[in-house]
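Here our numbering = 1-based position in the sequence shown + 4.
The structure under discussion appears below in the form of structure tokens.
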Amino acid sequence: MTSTDQNPAVPAAPPAARIRTFHPRRGRMSGRQTDALERLWPEYGVDIAELDGPFDPAALFGRGAPVVLEIGSGMGDATAAMAVADPGRDYLAVEVHTPGLGNLLELMERHGLTNVRVAKGDALDLVRAMPTGALDAVHVFFPDPWPKARHHKRRIIQPEHVALLRSRLRPGGTLHCATDWAEYAESMRETLIADPGLADPHGGFAPRPPHRPVTKFERRALTAGRPVFDLIHHRHP
5 MTSTDQNPAV
15 PAAPPAARIR
25 TFHPRRGRMS
35 GRQTDALERL
45 WPEYGVDIAE
55 LDGPFDPAAL
65 FGRGAPVVLE
75 IGSGMGDATA
85 AMAVADPGRD
95 YLAVEVHTPG
105 LGNLLELMER
115 HGLTNVRVAK
125 GDALDLVRAM
135 PTGALDAVHV
145 FFPDPWPKAR
155 HHKRRIIQPE
165 HVALLRSRLR
175 PGGTLHCATD
185 WAEYAESMRE
195 TLIADPGLAD
205 PHGGFAPRPP
215 HRPVTKFERR
225 ALTAGRPVFD
235 LIHHRHP
């Protein structure tokens, strides 16, 4: 028996708080972004912190199309471009930066997109609430590299998170990561290769796929001389 078992009056230790993989971000909203957020969020937005119980992505979109989860959609330009070019799949974009959510909502309205939804909060909490095999693909494009060694535990691409993301992919589904941080790219590669449930069709870094749009962030990285690394793995059938 433990000391707690021997003395029921001693409260059990609280569960350890989960380590965040993102910085809570603030930013000024433009009038256009504010307007889009106020008008469109009730119909297209999901507050992850308010979820209570299982989350079904198909129910959110109102159809049974394949679902792509975009973790860290930024200002939404890449998500909108992919959704325009890929109307047969639904895109669920998760972001913590409110101006980015407003910008993506405005892009959705501008392009008449019905296959995009936006979610605010911790993407991993959202994934935990999903059923297994619910996703066709997961995109993790240019996540925070957390460059200091003491912060590496905050990186989203690490074994336990990869196992979670993989479990929500359908058999044959795709986990696609991209980064311009060379050290993080190597860490990603080692982590993804080590996951026994993922297959690596490229034997390491993948050629840049044409369907991934070039964002302003990526252009800045290339201009600064930082190469961009893509890693594309599939869940084993």
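Cβ atoms here follow ideal geometry from the backbone N, Cα and C, with glycine treated the same way.
Here the structure is a predicted model, which means the values were calculated and not measured.
- Under the three-state reduction of DSSP, F233 is assigned to strand.
- Take the alpha-carbon of A40 and the one of G104: they are about 11 angstroms apart.
- One alpha carbon belongs to A85, the other to P217, and they sit about 7 angstroms apart.
- For secondary structure counted as the alpha helix (DSSP H) over 4 or more consecutive residues, the stretch 46-112 holds these complete runs in sequence order: 61-65 and 81-89.
- The residue from A186, A210 and T178 with its alpha-carbon nearest to that of P231 is A186.
- In the DSSP assignment, F145 falls within the beta strand (DSSP E) that extends over L139 to F145.
- Around the beta-carbon of H180, 16 or more other beta-carbon atoms lie within 10 Å, marking it buried.
- In the three-state DSSP reduction, T136 falls in the coil class, being neither helix nor strand.
- Note on S34: under 16 other CB atoms within 10 angstroms of its CB, so exposed under the neighbour-count rule.
- When secondary structure is reduced to three states using DSSP, L226 falls in the helix class.
- Between the alpha carbons of T183 and M192 lies a gap of roughly 9 angstroms.
- Counting every other CB atom within 10 Å of its CB across the protein chains shown gives A228 a total below 16, marking it as exposed.
- For T183, the uninterrupted beta strand (DSSP E) segment begins and ends at L173 to T183.
- Within the same chain, Cβ atoms closer than 7 angstroms to the Cβ of G106 are found at M33, Q37, T38, A40 and L41, the five residues on either side in sequence being excluded.
- Less than 8 angstroms separates the beta-carbon of A123 from that of A97.
- Between the stretch 118-134 and the stretch 73-84 there are three or more C-beta pairs closer than 8 angstroms, enough to call the two in contact.
- By the CB criterion at 8 angstroms, I236 and H206 fall inside the cutoff.
- With distances taken between CA atoms, T136 lies nearest to A62 out of H215, R158 and A62.
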